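Undergrad: Sharing a structure, written as structure tokens. Questions coming.
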Amino acid sequence: MKDEMPEDWEDSYSMLKKIHNEAEILTPFYDLHELCSIMGVQVPKREEVIGSIREKGYPVSRTHFSPTGFRTDAPIDDIKGIIRKQP
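Start counting at 1 in the sequence shown, then tack on 263, and there's your number in the working numbering.
The structure is reproduced here in structure tokens:
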């Protein structure tokens, strides 16, 4: 845990911002790598998936505890469709 502690104010602010944004979405989190493994597809960039989810009008946030995780209330079928459309 100590290795994951922020080293300076900018790192601390970034982590707190992630936690704040994440706390506003009260749904389980998704792991992009796990979803892609289940779907049998290549893993796209997380930021592109998050951007596409946001463009569809759903709230979405990165997780502070998983570098490949995100939270959203988007239906799983929409998430899978977005993943399939990524380059």
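Cβ coordinates follow ideal geometry from the N, Cα and C atoms, glycine included.
The structure presented is a predicted model; accordingly, all values stated were derived computationally and were not measured.
1. Does DSSP put G344 in a helix, a strand or coil?
2. Check each candidate in H296, F328, S329 and S324 and name the one with the smallest Cα separation from D336.
3. Do M278 and K343 have their beta-carbon atoms positioned less than 8 Å apart in this structure?
4. Would you please state the rounded distance, in angstroms, between the beta carbons of D294 and T331? I believe it to be under 8 Å.
5. Per DSSP, what kind of secondary structure is G314 in: helix, strand or coil?
6. With distances taken Cα to Cα, identify the nearest neighbour of T326 among H296, I282 and D274.
7. I need the boundaries of the alpha helix (DSSP H) containing S300, first residue and last residue.
TA: Straight from the coordinates:
1. helix
2. S324
3. no
4. 5 Å
5. helix
6. I282
7. L295 to M302
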